[in-house]
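**Q**
Protein chains: 2
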Amino acid sequence: MAESREFLYPVKWLSKASAGDRVTSELRMRIISGMIESGTILSENKIAADFGVSRSPVREALKILASENIIRLERMGAVVIGLTERKYAEIYDVRILIETFVFERLVRAATDELVMELSKILEMMKISIKYSDADEFSYQDVLFHETIIRSINHSYILMIWDNLKPVMESLILLSMRHRISEKYEDFTRVINNHQLYIDAIKTKDRELMIKSLHVNFDDVQEKVEDLWMAQQMLSKGVGQEND
Amino acid sequence: MAESREFLYPVKWLSKASAGDRVTSELRMRIISGMIESGTILSENKIAADFGVSRSPVREALKILASENIIRLERMGAVVIGLTERKYAEIYDVRILIETFVFERLVRAATDELVMELSKILEMMKISIKYSDADEFSYQDVLFHETIIRSINHSYILMIWDNLKPVMESLILLSMRHRISEKYEDFTRVINNHQLYIDAIKTKDRELMIKSLHVNFDDVQEKVEDLWMAQQMLSKGVGQEND
DNA sequence: TCAAGTACACTTGTATACAAGTATTATAAT
DNA sequence: ATTATAATACTTGTATACAAGTGTACTTGA
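Residue numbers (the working numbering), protein chains in the order written: chain G, 1 to 243; chain E, 1001 to 1243.
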């Protein structure tokens, strides 16, 4: 079980980070973990005092968290929104949306290098499990998906990912930390799913990709949305490619 | 022909805006219009001096523009990226991606109220043309699309739009200002396309929607991407709905 | 002439100060 | 007791100051 700790966000990931980044990451974790409850009103001054910094980095943090949709900036104070069931489903939607888009590009491109890189990351994930390092595992997991997304070189898809990533990272961190102590056996399944994803990319098999995408996501979130349709669309429509 | 003006961004839209917002909007317009060339290195101090404000609002502006992908924050100064052909295509991709997603939701929902609202906006657009008000026309045009996107109440899709919107707004503003003096007759076509879009929503006709979406976009940007496929997918795959 | 080192100008990130605005609380009048 | 008004303790947005770091240009040495 998770021992109480001063910071939820891995301190080692912040070695070169600014005070603003630290506050942002830690605040995000506290909100997403529920440590700071939904509905709470955050004051710049109060947070600044809590973290022992000035208002400047805190302002920066609040702006970022607002753009990530986990707080709402109002006239007096920032209101914590947090993650509802609905929001989980929405994040799911967007992940599916961008990853299927990326996959369609990959189907038409050379992917040898990417597959190699992903295999390397997968190996790292295995090592992380071997040493029960949930944080490192999470890092590699996020990196896995980011590597796929970056590979198509699409700055606006990347922009979407950049906005989604921090929340995903926090979710995965919390999820993995919990599992590594309680449901250790889950990890072999996670690894298998990622291997499936790599295979799908290698063989350019849409059906397999959609499948592994779903099990991958469901592994972090329980929720499945009616969006299933969208993937159906993507996988079928591709039959009559027109290039 | 566009007379020279001190500010590219409509001053009246900034009546209640902060200095930070003013700098952000104006800087964005200058970059997108090409007035500030791609590759230029922006310094916080210099911009602050130019606009007669302190560094605080300028910092805020640069952070926002960086998140919109039109500048790149580096160790020394911010580098202007600007909009290449490729970026146009990318914006196009994302617009198609989110608007088709939205449409799929609309197909399964009551849209009477939305159609009413859109009709109102379309009327406003007509009036704007009648009085040759390119700025007002642009405002309503952006509002038109935003209204559609907002209607499905999806905070993460809205997040994507929020990041895309400012750039779209700038592009549309510049495009419309140019046309209202040179290619006035274009506007009737634009109006017709928007009417098509409304009809598509009203009749839940995917084919019509995709078509009007494309002509709508092409009206601002010339470029069409290989993404056409994605819409094909969306329109076909929907046949075997599974709800 | 060229290399290495040093000084300077300019950068970011953070702290602090202040003005203007907003909610809340206390006070005063009926 | 209730309402109107005034004092207060917040809030945000902006300006300014300063420390630490980075690149440039100049000087100094050969």
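Glycine included, C-beta positions come from ideal geometry on N, C-alpha and C.
(1) Could you name the residues of the segment 1083-1099 of chain E whose beta carbon sits closer than 7 Å to any beta carbon of chain G, in the order they occur along the chain?
(2) Could you check whether the segment 84-100 of chain G touches the segment 1146-1163 of chain E, counting it as contact only if at least three pairs of C-beta atoms, one from each stretch, sit closer than 8 Å?
(3) Mind listing, in chain order, the continuous alpha helix (DSSP H) runs of no fewer than 4 residues lying wholly within the segment 1001-1070 of chain E?
(4) Can you find the residues in the same chain that come closer than 6 Å, C-beta to C-beta, to Ser-151(G), ignoring five residues on each side of it along the sequence?
(5) Take the Cβ of Ser-25(G) as the centre, count every other Cβ of all protein chains shown within 10 Å, and call the residue buried at 16 or more, exposed below.
(6) Quick check: the segment 1138-1152 of chain E against the segment 134-148 of chain G, are there 3 or more CB pairs under 8 Å?
(7) Under 8 Å, Cβ to Cβ, is there at least one residue of chain G near His-1154(E)?
(8) Against chain G, with Cβ distances strictly below 8 Å, would Phe-1101(E) count as a contact?
(9) Can you list, in chain order, the residues of its chain with a C-beta nearer than 7 Å to that of Thr-111(G)? Leave out the 5 residues immediately preceding and following it.
(10) In this structure, does DSSP put Arg-177(G) in helix, strand or coil?
(11) Could you tell me whether the segment 1181-1188 of chain E touches the segment 1097-1110 of chain E, using the rule of 3 or more Cβ pairs below 8 Å?
(12) What residues from chain G crowd round Asn-1069(E), counting only those whose CB sits closer than 8 Å?
(13) With 8 Å as the threshold, decide whether the Cβ of Asn-245(G) is near any Cβ in chain E.
(14) Report the CB separation of Ile-1032(E) from Val-1167(E) in whole angstroms; it is logged as a contact under 8 Å.
(15) Less than 8 Å between the C-beta atoms of Val-1080(E) and Ser-1054(E), yes or no?
(16) Answer with buried or exposed for Glu-90(G), where buried requires no fewer than 16 other C-beta atoms within 10 angstroms of its C-beta.
(17) So what does DSSP say about Glu-1222(E), is it helix, strand or coil?
(18) Taking the alpha-carbon of Glu-1044(E) as reference, which of Met-1116(E), Glu-1060(E) and Asp-1205(E) has the nearest alpha-carbon?
**A** Inspection of the coordinates gives the following:
(1) Within the segment 1083-1099 of chain E, the residues whose Cβ lies closer than 7 Å to any Cβ of chain G are, in chain order, Lys-1087, Glu-1090, Ile-1091, Asp-1093, Val-1094 and Leu-1097.
(2) Yes: the two stretches touch, three or more of their Cβ pairs being nearer than 8 Å.
(3) Runs of the alpha helix (DSSP H) inside the segment 1001-1070 of chain E: 1019-1032, 1044-1051 and 1055-1067.
(4) Excluding residues within five positions, the ones whose Cβ falls inside 6 Å are Leu-114.
(5) Its Cβ being crowded by 16 or more others within 10 Å, Ser-25(G) is buried.
(6) As far as the Cβ criterion goes, the segment 1138-1152 of chain E does not touch the segment 134-148 of chain G, which means the pair count is below three.
(7) When Cβ-Cβ separations below 8 Å define contact, His-1154(E) makes contact with chain G.
(8) Using a CB distance cut-off of 8 Å, Phe-1101(E) counts as an interface residue toward chain G.
(9) Scanning its chain for C-beta atoms nearer than 7 Å, with the 5 sequence neighbours on each side dropped, one finds around Thr-111(G) the residues Ile-201 and Lys-202, in chain order.
(10) The three-state secondary structure of Arg-177(G), taken from DSSP, is helix.
(11) With a cut-off of 8 Å, the segment 1097-1110 of chain E and the segment 1181-1188 of chain E do not count as touching, because too few Cβ pairs lie within range.
(12) Those are Ser-155, Tyr-156 and Met-159, listed as they occur along chain G.
(13) For chain G, the structure presents residues 1 to 243; residue 245(G) sits outside this window and is missing.
(14) About 7 Å; that satisfies the 8 Å criterion.
(15) Here Val-1080(E) is not near Ser-1054(E), since their CB atoms are 8 Å or more apart.
(16) Counting Cβ neighbours within 10 Å, Glu-90(G) comes out buried, since at least 16 surround it.
(17) Any reading at Glu-1222(E) needs caution, since the residue's pLDDT is 41, under 50, leaving its predicted position unreliable; the model's value is listed next. Looking at Glu-1222(E) - three-state DSSP - the assignment turns out to be coil, as it is neither helix nor strand.
(18) Comparing Cα positions, the closest option is Glu-1060(E).
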